[in-house]
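Here the sequence shown is numbered in numbering that gives the first Met the number 0, starting from 0 and rising by one per residue.
In this text, a Cβ means the ideal position worked out from N, Cα and C, and glycines have one as well.
Keep in mind that this is a model prediction, so the values were computed, not measured.
Contents: one structure, followed by commentary.
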Amino acid sequence: MDLHHHLTLAKTSRHRSNEWIFRDVPSDITIEVNGVTFALHKFPLVSRSGRIRKLVSENRDSNISRVELLSLPGGPETFELAAKFCYGNNFEITPTNVAQLCCISEYLEMNEDYSNNNLGSRAEEYLNYIVLQNLEMSVKVLQQCENLLPLADELNIVTRCIDAIASKACAEQIASSFSRLEYSSSGRLHMSRQKCESDWWIKDLSILRIDMYQRVITAMKCRGVRPESIGESLMSYAEKELTKKSNGQQKVVDGSNDHERVVVETIVGLLPVEKLAVPLTFLFGLLRSAVMLDCTVACRLDLERRIGSQLDTATLDDLLIPSFRHDSDTLFDVDTVHRILVNFSQQDDSGDDGDDDDDPDGSVFESDGLDSPSETVLFKVSKLVDNYLAEIAPDANLKLSKFIGVVESLPAQARTVHDGLYRAIDVYLKAHQSLSELDKKKICKLIDFQKLSPEAGAHAAQNERLPLQSIVQVLYIEQLRLRNALYCSEFGDTHKPPIHQQSWRINSGALSAAMSPKDNYASLRRENRELKLELARLRMRLNDLEKEHVCMKRNMEKSNSRKFMSSFSKKISKLNLFGNSSSRGSSSPSRNSQRTDSKVTARTE
């Protein structure tokens with residue numbers, strides 16, 4: 000009797016077990032797999048499985064009727080397929096079960112030593128000639144191997160799938176590159192700019208577990224897959240695994256973050272060395288996750304170094320990293336941004352050594368020309384940092400040392416205009432009104448008032464939050480600008496005012512030695528008022544001179560006579576631009592300095 004045709008499968012819901020029932024022949028052995036029992040027959044099993052044959056032969060005297068298979072790869076579902084194969088029932092081998100069949104055939108010793116065309120050879124044939132020739136199938140089989148370790152690794156199923164995925168991806172990219180080659184109008188061969196569509200496998204890799212994914216990406220790098228494709232795959236994988244962590248730190252305190260922490264650290268370790276392989280926004284996203292999940296210091300420092308190398312493409316939102324540390328009182332993570340800026344500045348320093356002249360990406364600072372990329376990068380970053388400072392300045396818990404540290408992290412030549420820095424410092428002074436006078440002077444020393452625009456200078460001259468010494472300095476610089484503008488308007492750029500008229504300043508050392516602190520403060524306030532009056536008079540004179548020039552130009556266009564030129568000279572001589580005015584209500588700073596026997600110096604700031 001052909002027993003194979005009488006095989007049926009029945010499941011009892013009460014005991015949740017499977018029983019193979021022959022209508023004509025009762026079962027003589029029961030196989031238990033992970034709590035599930037199978038009522039089978041010895042003859043078809045021992046004819047295919049070397050393991051079961053050994054178990055039966057070793058217990059022939061006791062007439063064994065029950066066998067428990069521990070740690071069976073694939074579980075009851077895979078054993079059911081193996082049992083069907085032993086009974087001669089047909090079933091389909093697919094990418095979702097071939098890895099399990101290879102492993103269970105090894106476990107049950109279903110190889111050619113016990114039967115020709117056994118399950119092991121059938122599964123290996125499908126794996127080699129079907130699965131490994133297709134990238135998508137290889138990914139699916141590799142995913143199935145995640146629950147079959149270490150046996151799947153010992154059988155080289157994992158290694159073969161990884162090599163197949165890497166080689167197929169590289170081959171597809173090479174083929175795509177050749178298809179994009181075309182001849183230009185001049186007859187030269189070049190690559191067209193159409194988008195490459197050969198990286199469809201990127202999202203397929205996202206189904207893999209992080210350890211398998213890491214091995215695949217490492218193999219792809221060794222095979223020469225494009226860094227841009229590697230970066231895109233990393234972004235796709237991170238989006239799938241880390242999106243659930245982007246809504247805040249609600250879950251950070253529990254122990255469910257180990258997986259996410261491993262994912263971040265692994266992705267950072269897999270990032271290509273090329274700068275443009277991944278966008279800067281993605282790096283900042285990884286950095287936020289690394290800070291939130293408390294990843295290793297090496298992981299965070301690597302991200303900060305990468306960000307610092309392309310900081311000129313960052314935005315203000317990128318730098319506003321929330322502070323996830325419980326011991327930090329500040330709203331934003333200022334220490335992390337400070338380290339990023341230090342990396343940026345160190346990159347500047349490394350470019351000055353001249354060792355990497357042949358490397359275009361070795362440093363972003365290579366030239367001192369006004370139109371050089373270095374000047375552009377410095378200007379962008381300095382503007383970004385000033386905006387960042389203005390954003391974090393209202394934080395009442397932000398320490399002065401951290402604020403100054405961020406300001407000084409950029410080289411002195413980075414800021415060509417100090418308007419942004421002045422605005423940030425003004426916001427900080429407004430939010431921290433309890434600062435001592437010494438701290439106010441310390442923070443205001445960061446501002447080069449000569450680099451303020453006229454609008455910012457006018458605001459600073461009336462800003463009561465600034466120390467009195469800073470206000471005097473602003474008024475002095477504004478007066479110099481107006482005087483130089485008047486001279487240039489009258490005599491042209493080739494004639495400059497005399498040195499003693501370009502700059503005058505009270506020597507603070509001599510003044511403080513001759514006067515008490517109270518008299519010194521009163522003198523500075525009096526000088527402040529005098530400078531404001533002088534500034535107003537100079538502005539009025541400048542407006543009058545501009546009106547005179549407009550009238551003179553119109554008259555010159557009409558007449559061009561010598562009589563008019565003589566009249567023009569007389570009008571200029573009557574202006575008496577920088578002479579002492581009898582209408583002054585108080586003495587000038589020079590007279591005031593003579594009354595206090597202080598020293599007058601003629602030098603430029």
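Inset, instruction - Report the option in 121, 468 and 109 whose CA atom is closest to the CA atom of residue 53. - result: 109
Inset, instruction - Starting from the C-beta of residue 201, find all residues in its chain whose C-beta is less than 8 Å away, skip the five residues before and the five after it, and write them out in chain order. - result: 228, 231, 232 and 235
Legend entry - Supposed contact pair residue 446 and residue 421 - C-beta distance, whole angstroms, cut 8 Å: 5 Å
Inset, instruction - Indicate whether residue 339 and residue 306 have their beta-carbon atoms separated by less than 8 Å. - result: yes
Inset, instruction - Go to residue 47, then tell me how far its alpha helix (DSSP H) extends in each direction, as first and last residue. - result: Here residue 47 belongs to no alpha helix (DSSP H), and DSSP marks it neither H nor E.
Legend entry - residue 71 in three-state terms, based on DSSP: coil
Legend entry - Inter-residue spacing [alpha-carbon to alpha-carbon] between residue 474 and residue 534: 7 Å
Inset, instruction - Within the same chain, show all residues whose beta-carbon is closer than 8 Å to that of residue 71, passing over the 5 residues directly before and after it, in chain order. - result: 32, 33, 77, 78, 103 and 106
Legend entry - For residue 416, three-class secondary structure by DSSP: coil
Inset, instruction - Could you give the DSSP three-state label for residue 37: helix, strand or coil? - result: strand
Legend entry - Pick from 331, 65 and 96 that is closest to residue 401, judged by C-alpha positions: 331
Inset, instruction - Enumerate in chain order the residues of its own chain whose CB-to-CB distance from residue 27 is below 7 Å, with the five nearest sequence positions on each side excluded. - result: 40, 41 and 64
Inset, instruction - Kindly indicate which residue of 389, 309, 300 and 142 has the alpha-carbon position closest to the one of residue 418. - result: 389
Inset, instruction - Identify whether residue 393 lies in helix, strand or coil by the three-state DSSP scheme. - result: coil
Inset, instruction - Provide the residue span of the alpha helix (DSSP H) that contains residue 130, from first to last. - result: Neither: residue 130 is in no alpha helix (DSSP H) and is coded neither H nor E.
Inset, instruction - Give the DSSP-derived three-state secondary structure of residue 273 in the structure shown. - result: coil
Legend entry - For residue 99 and residue 147, believed in contact at Cβ under 8 Å, the rounded distance: 7 Å
Legend entry - Whole-angstrom distance between residue 287 and residue 312, CA atom to CA atom: 18 Å
Inset, instruction - Can you grab the Cα-Cα spacing for the pair residue 165 / residue 221, in whole Å? - result: 9 Å
Inset, instruction - Determine whether the Cβ of residue 170 lies closer than 8 Å to any Cβ atom of chain C. - result: Among the chains in the structure shown there is no chain C, since it carries only a single protein chain.
Legend entry - Distance CB(residue 375)-CB(residue 317) smaller than 8 Å: no
Inset, instruction - Please name the residue, chosen from 208, 303, 292 and 58, that lies closest to residue 260 on a Cα-to-Cα basis. - result: 292
Inset, instruction - Pull up the distance between the alpha-carbon of residue 262 and that of residue 111, whole angstroms please. - result: 42 Å
Legend entry - Whole-angstrom distance between residue 273 and residue 134, CA atom to CA atom: 26 Å
Inset, instruction - Would you tell me roughly how many angstroms separate the C-alpha atoms of residue 328 and residue 434, rounded to the nearest one? - result: 18 Å
Legend entry - Rounded separation between residue 137 and residue 207 - CA only: 11 Å
Legend entry - Length of the line joining the Cα atoms of residue 606 and residue 168: In the structure as shown, the chain starts at 0 and stops at 604, and residue 606 therefore has no counterpart that could be examined.
Legend entry - From 43, 173, 343 and 241, residue whose alpha carbon lies closest to that of residue 300: 343
Legend entry - Rounded separation between residue 451 and residue 416 - CA only: 6 Å
Legend entry - Spatial neighbours of residue 455 in its chain, beta-carbon cut-off 8 Å, leaving aside the 5 residues before and after: 417, 418, 421 and 422
Inset, instruction - Tell me whether residue 156 sits in a helix, a strand or coil according to DSSP, three-state version. - result: helix
Inset, instruction - Starting from the C-beta of residue 294, find all residues in its chain whose C-beta is less than 7 Å away, skip the five residues before and the five after it, and write them out in chain order. - result: 260, 263 and 264
Legend entry - Bounding residues of the alpha helix (DSSP H) (the contiguous stretch that carries residue 201): Premise fails: residue 201 is in no alpha helix (DSSP H) and is neither H nor E.
Legend entry - Nearest-angstrom Cα separation, counted from residue 80 out to residue 143: 16 Å
Inset, instruction - Determine the DSSP secondary structure at residue 266, reduced to helix, strand or coil. - result: helix
Legend entry - Three-state class that DSSP yields for residue 320 in the structure shown: coil
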